[in-house]
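Notes to accompany the following structure.
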Amino acid sequence: MTRLSYVKKAILTAACIALCVVLPMAFHAIPNAGNIYCPMHMPVLLCGLVCGWPFGLLCGVAGPVLSSLFTGMPSMAYLPSMVIELAAYGFVAGIMMRIVHTKMLLADLYISLAAALLAGRIVAGASRALIFAPGSYSMAAWAASYFVTALPGLVIQLALLPAIAFALEKARLIPVRYPKMAG
3 MTRLSYVKKA ILTAACIALC VVLPMAFHAI PNAGNIYCPM HMPVLLCGLV
53 CGWPFGLLCG VAGPVLSSLF TGMPSMAYLP SMVIELAAYG FVAGIMMRIV
103 HTKMLLADLY ISLAAALLAG RIVAGASRAL IFAPGSYSMA AWAASYFVTA
153 LPGLVIQLAL LPAIAFALEK ARLIPVRYPK MAG
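What follows is the structure in structure tokens.
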């Protein structure tokens, strides 16, 4: 298996979108858990890493929209900024996996994930500062909300997502990125 078929990418994307609805429901039993653990970010980032940027982007848009429609989370007031942030995560994770080739799967995953986490937070902060709260959103508020409050979520994402993608490859559920050279 050298490439993931379009059908398999679509199925994995649908599963990740479903996780965007289910995971926040599980985490929101804990006060402020959405901001702390960022449960919707995990399936979007995983989708981008495994399926590529078009599917990661789709998951980043459809996941929060469907979650909002089915569960009311995120609220309609917060939904547009969340869609922009998650779309950036899925897009950048997929693009980075396309362009980063270190010949080591875990290195590719960590580099791509770190770039996506940083880029998504920059895009989210810029959209809040320029579109959703112009003139009232500060650098301190951005750093506090996207790095300090979300630190547990960042740690979980950095620990789990590369491990999950690596396990999917080892189980041959996704194509091997660097097949061993024969001979």
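Take 3 as the starting number for the sequence shown in the numbering used here and just add one per residue.
Cβ atoms here follow ideal geometry from the backbone N, Cα and C, with glycine treated the same way.
In this structure Leu163 touches Leu115 by the C-beta definition: roughly 6 angstroms separates them, less than 8 angstroms.
Under the three-state reduction of DSSP, Val67 is assigned to helix.
Straight through space, the alpha carbons of Met44 and Phe93 are spaced by roughly 13 angstroms.
Each of Met42, Phe29, Tyr91, Trp144 was checked against the Cα of Ala17, and the nearest Cα belongs to Met42. In the assembly as shown, Ala64 is a buried residue. Its beta-carbon has 16 or more other beta-carbons within 10 Å. The closest CA to that of Tyr80, considering only Ser129, Lys172, Ala146, is found on Ser129. Taking Asn37 as the centre and dropping the five residues before and after it, the same chain places the C-beta of Thr151 closer than 6 angstroms to its C-beta, in chain order.
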